[in-house]
Amino acid sequence: AQSVAQPEDQVNVAEGNPLTVKCTYSVSGNPYLFWYVQYPNRGLQFLLKYITGDNLVKGSYGFEAEFNKSQTSFHLKKPSALVSDSALYFCAVSAPGAGSYQLTFGKGTKLSVIP
Amino acid sequence: EAGVTQFPSHSVIEKGQTVTLRCDPISGHDNLYWYRRVMGKEIKFLLHFVKESKQDESGMPNNRFLAERTGGTYSTLKVQPAELEDSGVYFCASSPREAHNEQFFGPGTRLTVL
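Listed in order, the protein sequences are those of chains P and X.
Under this note's numbering, think of the first position of the first sequence as 1046, with each following residue one higher.
Under this note's numbering, think of the first position of the second sequence as 14, with each following residue one higher.
Shown next, in the form of structure tokens:
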């Protein structure tokens, strides 16, 4: 069975500071990893994904994430946080090699960027 | 390009009633998924269609839930009869055929069972 852990329910960061939202995963086979963001009263928006290749992936709105196979982690990062980045962030994993396209999500991390 | 749409946006029903949720995926997307998030918990997978066929329905909680995707276009998710624990936000997502593609999510339907 696949699983995702987001150890922090909430992350607070000052505007202009770097931010990190943590994610670790467990899956059989090679993982496909995703980050989604949810703004209030909106659906999930795709930010970025890791499928294969370069461990550092870049996505929308200046976000990036680093895949670390040995630590089974896929932390989301941004060099300089904006107040508009405040939202709920979800990490997700799928394992198509095991025949499953379904996404397994973490419980979400609420990011608050303080002006 | 239009995104994934869901109807209704909100539904409030009484225990024992029936509710039908609708999802219109992005045109041309073979894969369609249903997920659910109950209060304070993770978003959970319900099922996966490839065109009109159910590829994976391992997440469906019980036989009160029935999903269809006639013609391989839009999908419906019926809950009959609804129970209190069915309350939550139901998300639909779609993606192109290949496994490496990200899923595009709709805004969700918030279901409240009283």
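All residues carry an ideal CB built from backbone N, CA and C; glycine is no exception.
Got a sec? Which residues, its chain only, sit under 7 Å from residue i by beta carbon, not counting five neighbours each side?
| i | result |
| --- | --- |
| Glu1060/P | Ala1126, Leu1127, Val1128, Val1158, Ile1159, Pro1160 |
| Leu1101/P | Glu1109, Glu1111 |
| Ser108/X | His42, Asn44, Asn114, Glu115, Gln116, Phe117 |
Give every residue of the same chain whose Cβ lies closer than 6 Å to the Cβ of residue i, excluding the five residues on either side of it in the sequence, and list them in chain order.
| i | result |
| --- | --- |
| Leu79/X | Lys91 |
| Gln1090/P | Val1082 |
| Phe62/X | Leu45, Arg82 |
| Lys1103/P | Glu1109 |
| Ser1105/P | Leu1092 |
| Phe1079/P | Lys1094, Ala1137 |
| Pro38/X | Val17, Leu45, Ser107 |
| Thr1069/P | Ala1050, Thr1117, Ser1118 |
| Arg110/X | Asp43 |
Got a sec: is the Cβ-Cβ distance from residue i to anything in chain X below 8 Å?
| i | result |
| --- | --- |
| Ile1096/P | yes |
| Lys1114/P | no |
| Gln1147/P | yes |
| Phe1091/P | yes |
| Phe1079/P | yes |
| Phe1119/P | no |
| Phe1135/P | yes |
Could you tell me the distance, in whole angstroms, from the CA atom of residue i to the CA atom of residue j?
| i | j | result |
| --- | --- | --- |
| Val1056/P | Ser1115/P | 25 Å |
| Leu97/X | Gly29/X | 9 Å |
| Tyr1084/P | Ser1131/P | 8 Å |
| Ser1073/P | Ser1145/P | 11 Å |
| Thr86/X | Gln68/X | 15 Å |
| Tyr1134/P | Val51/X | 17 Å |
| Thr1149/P | Ile56/X | 8 Å |
| Thr122/X | Glu65/X | 22 Å |
| Gln1047/P | Lys1123/P | 27 Å |
| Phe58/X | Ile1096/P | 20 Å |
| Gly1107/P | Thr1117/P | 23 Å |
| Pro74/X | Gly1151/P | 19 Å |
| Val1049/P | Tyr48/X | 16 Å |
| Leu1121/P | Lys1067/P | 6 Å |
| Ala95/X | Glu1053/P | 33 Å |
| Tyr103/X | Leu1156/P | 23 Å |
| Asp1099/P | Ser71/X | 33 Å |
| Asn1086/P | Pro21/X | 14 Å |
So, does the CB of residue i fall closer than 8 Å to a CB anywhere in chain P?
| i | result |
| --- | --- |
| Pro120/X | yes |
| Glu75/X | For the record, residue 75/X in the displayed sequence is Asn; it is not Glu. No, its Cβ sits nowhere closer than 8 Å to a Cβ of chain P. |
| Tyr46/X | yes |
| Ile56/X | yes |
| Tyr72/X | Note on residue identity: the sequence assigns Gly, not Tyr, to residue 72/X. Yes, its Cβ sits closer than 8 Å to a Cβ of chain P. |
| Phe104/X | yes |
| Gln30/X | no |
| Glu115/X | yes |
| Asp69/X | yes |
| His23/X | no |
| His42/X | no |
Leaving out five residues on either side along the sequence, give the residues of the same chain with a beta carbon under 8 Å from the beta carbon of residue i.
| i | result |
| --- | --- |
| Thr125/X | His23, Ser24, Val25, Ile26, Ser100 |
| Gln1147/P | Ser1139 |
Could you tell me how far apart the beta carbons of residue i and residue j are, in whole angstroms, since I believe they sit closer than 8 Å?
| i | j | result |
| --- | --- | --- |
| Thr89/X | Leu127/X | Not quite, the Cβ-Cβ distance comes to about 22 Å (not below 8 Å), so this is no contact. |
| Ala11/X | Val17/X | This structure leaves residue 11/X out entirely; chain X is present only between 14 and 127. |
| Gly84/X | Gln19/X | Their Cβ separation, rounded to whole angstroms, is 18 Å, which puts Gly84/X and Gln19/X out of contact at 8 Å. |
message = Ignoring anything shorter than 3 residues, give me the beta strand (DSSP E) runs that lie fully in the stretch 1058 to 1127 of chain P, in order along the chain.
response = 1064 to 1066, 1069 to 1071, 1077 to 1083, 1089 to 1095, 1101 to 1103, 1109 to 1113, 1118 to 1123
inquiry  = So within the stretch 38 to 114 of chain X, which uninterrupted beta strand (DSSP E) runs reach at least 3 residues, ignoring any that extend past its ends?
reply    = 44 to 50, 56 to 63, 66 to 69, 78 to 81, 88 to 92, 101 to 108
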